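Read in order, the letters of the sequence shown correspond to residues 81 to 297 in the working numbering.
Below: one structure, written as structure tokens.
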Amino acid sequence: LFGPAGGGKSTLLRTLNRLNDLADVTHLEGQVLLDGENILDPMADVIALRRQVGMVFARPVVLPFSIRQNLTYGLELAGETRKSALHEAVERSLQQAALWDEVKDRLDDPAVALSGGQQQRLCLARVLALQPEVILLDEPTSGLDPLSTGKVEESLQQLKEEYTIVLVPHSVQQAARTADYAAFFLQGELVEYGIGNQIFTHPVNQQTEDYVTGRFG
Numbered sequence: 081l082f083g084p085a086g087g088g089k090s091t092l093l094r095t096l097n098r099l100n101d102l103a104d105v106t107h108l109e110g111q112v113l114l115d116g117e118n119i120l121d122p123m124a125d126v127i128a129l130r131r132q133v134g135m136v137f138a139r140p141v142v143l144p145f146s147i148r149q150n151l152t153y154g155l156e157l158a159g160e161t162r163k164s165a166l167h168e169a170v171e172r173s174l175q176q177a178a179l180w181d182e183v184k185d186r187l188d189d190p191a192v193a194l195s196g197g198q199q200q201r202l203c204l205a206r207v208l209a210l211q212p213e214v215i216l217l218d219e220p221t222s223g224l225d226p227l228s229t230g231k232v233e234e235s236l237q238q239l240k241e242e243y244t245i246v247l248v249p250h251s252v253q254q255a256a257r258t259a260d261y262a263a264f265f266l267q268g269e270l271v272e273y274g275i276g277n278q279i280f281t282h283p284v285n286q287q288t289e290d291y292v293t294g295r296f297g
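So, in structure tokens, the structure goes:
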């Protein structure tokens, strides 16, 4: 999902796991279907939905615990108590987030001691530990240096083989590098949607072309 600030990208993203319930969004119309079920239904299980559809924000928000506890906390809340299962989830999720080799010997160190890029990958691993179906990312590299950004993007390229990923990128360039499919939003409207490399090389809409070529935005 890409476009200028204020276009509605983050609002749409937060609709996909009902985080807008906690914001000032007072009116929604239509349906959002996941596995054939309307997640906007008032009777939908929002807690279960947020396990199924995980979210990584622009700024890493680590819990004031150890690296290990950041990953096991959600599982323990969900009722998992087996040490073997918790250990497996820690290693698996850190491997998936390309962080295991950097932290495997200090899992009991405070998570706040990690660098910003490592904290963001830990936040991604925390989502992965719960084995969601969908991962939402709202400008997850906006505060990272190029090296850390590359590591996050590399992880996403591997993760998309297993998960549905919906990304609000930090830039048009990042969108072009990462998107299998892309949607251009402008002033709260969906302007164009299609295969990523077509959107960024041969867009149909003139507004899309103007934006991806840097004529505005």
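For every residue, glycine included, the Cβ atom is placed at its ideal position computed from N, Cα and C.
What you are looking at is a predicted structure, and each value in this text was computed from that prediction instead of being measured.
Residue i - partner residues in DSSP beta bridges
i, result
"residue 266", "269"
"residue 274", "262"
"residue 82", "264"
"residue 123", "Per DSSP, none; premise fails for residue 123."
"residue 247", "217"
"residue 117", "114"
Alpha-carbon spacing of residue i relative to residue j, whole angstroms
i, j, result
"residue 142", "residue 276", "32 Å"
"residue 174", "residue 252", "28 Å"
"residue 81", "residue 255", "8 Å"
"residue 88", "residue 225", "26 Å"
"residue 140", "residue 196", "7 Å"
"residue 238", "residue 231", "11 Å"
"residue 281", "residue 166", "45 Å"
"residue 84", "residue 220", "16 Å"
"residue 335", "residue 115", "Residue 335 lies beyond the residue range present for the chain, which begins at 81 and ends at 297; the question has no answer from this structure."
"residue 101", "residue 212", "20 Å"
"residue 274", "residue 148", "40 Å"
"residue 229", "residue 235", "10 Å"
"residue 269", "residue 86", "10 Å"
Buried versus exposed, by CB contacts within 10 Å (16 or more), residue i
i, result
"residue 169", "buried"
"residue 278", "exposed"
"residue 218", "buried"
"residue 90", "buried"
"residue 92", "buried"
"residue 264", "buried"
"residue 241", "exposed"
"residue 118", "exposed"
heavy atom of the ligand SAH below 7 Å from residue i C-beta
i, result
"residue 200", "The ligand SAH is not part of this structure, which contains no ligands at all."
Do three or more CB pairs link the stretch 257 to 274 to the stretch 232 to 247 at distances below 8 Å? Segments in contact, yes.
Threshold first: 4 residues or longer. Then list the alpha helix (DSSP H) segments lying entirely within the stretch 178 to 234, N to C. Taking only runs of at least 4 residues, the alpha helix (DSSP H) segments lying wholly in the stretch 178 to 234 are 180 to 183, 196 to 209.
Closer than 8 Å is the cut-off here; do at least three beta carbon pairs connect the stretch 118 to 137 with the stretch 192 to 211? yes
Stretch-stretch touch, CB-based, cutoff 8 Å, three pairs: the stretch 192 to 207 with the stretch 176 to 184: Because the criterion of three Cβ pairs below 8 Å is met, the stretch 192 to 207 and the stretch 176 to 184 touch.
At least 3 beta-carbon pairs within less than 8 Å: the stretch 107 to 127 vs the stretch 184 to 200: Short answer: they don't touch.
Along the chain, which unbroken stretches of the alpha helix (DSSP H) at least 4 residues long are found entirely within the stretch 119 to 165? Every unbroken stretch of the alpha helix (DSSP H) spanning 4 or more residues and falling wholly within the stretch 119 to 165 is given here in chain order: 126 to 132, 147 to 157.
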